[in-house]
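Quick note: to get my numbering, add 2 to the position in the sequence shown (first position is 1). Built from N, CA and C at the ideal position, the CB exists for glycine as well. First comes the structure, then the notes that go with it.
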Amino acid sequence: WSVVRGLWKGQVSSKMLSHRLQGALRDYVHSNKHNVLYKGQRKANKSREEMLCQMKQQAQLRTLDGSEQPFAHLGFKQLASSKLQKMYTTCAVVTSAGAILNSSLGREIDSHDAVVRFNAAPYKGYEKDVGSKTTIRIMNSQILANPKHNFSSSLLYKDITLVAWDPAPYNIDLHKWYQQPDYDLFTPYINHRKNFPEQPFYILHPSFIWKLWDIVQSNTKENIQPNPPSSGFIGIVMMMNFCEEVHVYEYIPSMRQSNLCHYHEKYYDVACTFGAYHPLLYEKLLIKRMSTATEEDLKKKGKVTLPGFSKINC
Ligand code: C5P
């Protein structure tokens, strides 16, 4: 609970994590699988306005448009959906945390103009707590690559905007990425675009993913995990590009916080909330520090509110 309270106050460090999670963090820093080399600033005391300005200036959404090799040669320019540019007034980002169970937030979530969900998180049977509206689904490459998710046929991925991501090397070597993605998302992407050309479907540019990582590290003194940020963080910042106001549910844990990993699965691991592979603790601290939500919203709803880029004046 010291981590939860630390997050509510906007003050946490990895020392508050269990020994196991601290060990995982150290191991990831040492193995540095994606060859991250960070030479930028580390300033942990920026004001809210400074952090928001940094986001607006550095986290402009970029998707793979096929203009670069090897994707140009592979015909991605013709294949890619035209640029995402719809604007929304208010948006809800619904994380998959177990703590959203018994929240009765469904009605509030569905009242937003756009609702973002993640990976294979279902809403059927959970409408009271998570709502049912889905505008965009953000998925890591495992969802596309692993047959158990039935990506091409499952109703979860139909009639909505799809956004997929996979980490490239930190130096954004696109050739190497194409040859060795973490999980092959390119083949299912191409097949899906051919079968459903009308459905908007994007792959995030790895430079966007690593830019987000840089922003988290630049606001943290400690070495954060040199692994991509979580889908949740990616979705929050992506929606700051398209919404006047972004409401995020159960990213910063509410009073309902528990070790239940996902609301739709009986699997318990505190790493889902505070991070082992992803630099979740640091992402969450940054989001909390940028939020305008009241303490009551935070504790009761697990909700933070952020202005979209169009409402940030730098
Ligand atoms: O586990 P998965 O990545 O599918 O969950 C979607 C997102 O929800 C995560 O990327 C993370 O940002 C957030 N999440 C969380 N706490 C949990 C589970 C998920 O903050 N216990």
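Residues in the same chain with beta-carbon distance under 6 Å from residue i, minus the five sequence neighbours each way, listed in chain order, please.
{"i": "leucine 287", "result": "Val14"}
{"i": "phenylalanine 235", "result": "Glu285"}
{"i": "glycine 8", "result": "Val14 and Met18"}
{"i": "threonine 136", "result": "Val117, Arg119 and Ile162"}
{"i": "tyrosine 185", "result": "Ser143, Gln144 and Ala147"}
Helix, strand or coil, according to DSSP, for residue i in the structure here?
{"i": "asparagine 142", "result": "strand"}
{"i": "tryptophan 3", "result": "coil"}
{"i": "proline 309", "result": "strand"}
{"i": "threonine 189", "result": "helix"}
{"i": "glutamate 247", "result": "strand"}
{"i": "alanine 170", "result": "coil"}
{"i": "tyrosine 180", "result": "helix"}
{"i": "valine 96", "result": "strand"}
{"i": "arginine 64", "result": "coil"}
{"i": "leucine 157", "result": "helix"}
{"i": "tyrosine 279", "result": "coil"}
{"i": "alanine 116", "result": "strand"}
{"i": "isoleucine 211", "result": "helix"}
{"i": "histidine 194", "result": "helix"}
{"i": "phenylalanine 203", "result": "strand"}
{"i": "tyrosine 284", "result": "helix"}
{"i": "tyrosine 30", "result": "helix"}
{"i": "leucine 86", "result": "coil"}
{"i": "valine 38", "result": "coil"}
{"i": "valine 132", "result": "helix"}
{"i": "leucine 107", "result": "coil"}
{"i": "histidine 264", "result": "strand"}
{"i": "valine 272", "result": "coil"}
For residue i versus residue j, is the C-beta distance shorter than 8 Å?
{"i": "tryptophan 212", "j": "isoleucine 174", "result": "yes"}
{"i": "glycine 133", "j": "glycine 108", "result": "yes"}
{"i": "cysteine 245", "j": "glycine 310", "result": "yes"}
{"i": "arginine 28", "j": "threonine 222", "result": "no"}
{"i": "phenylalanine 203", "j": "tyrosine 191", "result": "yes"}
{"i": "tyrosine 172", "j": "valine 38", "result": "yes"}
{"i": "leucine 66", "j": "phenylalanine 78", "result": "yes"}
{"i": "leucine 206", "j": "glutamine 71", "result": "no"}
{"i": "proline 231", "j": "valine 31", "result": "no"}
{"i": "phenylalanine 153", "j": "isoleucine 145", "result": "yes"}
{"i": "lysine 290", "j": "isoleucine 254", "result": "yes"}
{"i": "histidine 266", "j": "tyrosine 128", "result": "yes"}
{"i": "alanine 82", "j": "glycine 68", "result": "yes"}
{"i": "glutamine 53", "j": "methionine 292", "result": "Residue 53 is actually methionine in this sequence, not glutamine. Result yes, Cβ atoms of methionine 53 and methionine 292 sit closer than 8 Å."}
Might you give, ordered along the chain, the residues of its own chain that have their beta carbon closer than 7 Å to the beta carbon of residue i, omitting 5 neighbours on each side?
{"i": "proline 183", "result": "Ser143 and Asp168"}
{"i": "isoleucine 226", "result": "Val218, Gln219, Pro281 and Tyr284"}
{"i": "lysine 130", "result": "Ser106 and Gly108"}
{"i": "cysteine 316", "result": "Cys55, Lys58 and Gln59"}
{"i": "isoleucine 111", "result": "Ala94, Val96, Val117, Val132, Gly133 and Tyr251"}
{"i": "valine 6", "result": "Pro255 and Gln259"}
What residue from the options has the CA that sits closest to residue i's CA?
{"i": "asparagine 121", "options": "Ala82, Val95 and Gln43", "result": "Val95"}
{"i": "isoleucine 102", "options": "Met89, Ala116, Lys85 and Pro124", "result": "Pro124"}
{"i": "proline 60", "options": "Met240, Leu39, Thr97 and Cys274", "result": "It is worth fixing the name first, because residue 60 is glutamine in this sequence and not proline. When each option's Cα is compared against that of glutamine 60, the closest is Met240."}
{"i": "alanine 147", "options": "Leu187, Phe198 and Pro255", "result": "Leu187"}
{"i": "valine 117", "options": "Ser98, Ile138 and Asp131", "result": "Ile138"}
{"i": "tyrosine 251", "options": "Leu300, Ala273, Glu267 and Tyr204", "result": "Leu300"}
{"i": "histidine 194", "options": "Gln181, Val165 and Ala26", "result": "Val165"}
{"i": "methionine 57", "options": "Asn104, Trp215 and Glu267", "result": "Trp215"}
{"i": "histidine 114", "options": "Ala26, Gln201 and Met89", "result": "Met89"}
{"i": "serine 105", "options": "Arg22, Tyr40, Ser256 and Leu9", "result": "Ser256"}
{"i": "histidine 21", "options": "Phe276, Pro199 and Met53", "result": "Phe276"}
{"i": "glycine 25", "options": "Met292, Tyr279 and Lys302", "result": "Tyr279"}
{"i": "glutamine 201", "options": "Gln181, Glu297, Lys160 and Ala170", "result": "Lys160"}
{"i": "threonine 294", "options": "Lys268, Lys11 and Tyr269", "result": "Lys11"}
{"i": "histidine 75", "options": "Lys150, Tyr180 and Lys126", "result": "Tyr180"}
{"i": "arginine 35", "options": "Pro208, Gln80, Ala170 and Lys302", "result": "The amino acid occupying residue 35 in the given sequence is lysine; arginine does not appear at that position. Selected option, being the one with the closest Cα: Ala170."}
Report yes if the C-beta of residue i is less than 7 Å from at least one heavy atom of the ligand C5P; otherwise report no.
{"i": "tyrosine 279", "result": "no"}
{"i": "threonine 97", "result": "yes"}
{"i": "threonine 136", "result": "no"}
{"i": "alanine 147", "result": "no"}
{"i": "cysteine 55", "result": "no"}
{"i": "asparagine 121", "result": "yes"}
{"i": "serine 256", "result": "no"}
{"i": "glycine 234", "result": "yes"}
{"i": "glycine 100", "result": "yes"}
{"i": "tyrosine 180", "result": "no"}
{"i": "cysteine 274", "result": "yes"}
{"i": "tyrosine 253", "result": "yes"}
{"i": "histidine 264", "result": "yes"}
Below 8 Å CB to CB, which residues in the same chain sit around residue i once its five sequence neighbours on both sides are set aside?
{"i": "glutamate 247", "result": "Thr91, Thr92, Cys93, Thr307, Leu308, Pro309, Gly310 and Lys313"}
{"i": "histidine 264", "result": "Ser98, Ala99, Gly100, Ala123 and Cys274"}
So, is the C-beta of residue i closer than 8 Å to a C-beta in chain D?
{"i": "glycine 304", "result": "Given the protein chain composition of this structure (a single chain), no chain D is represented."}
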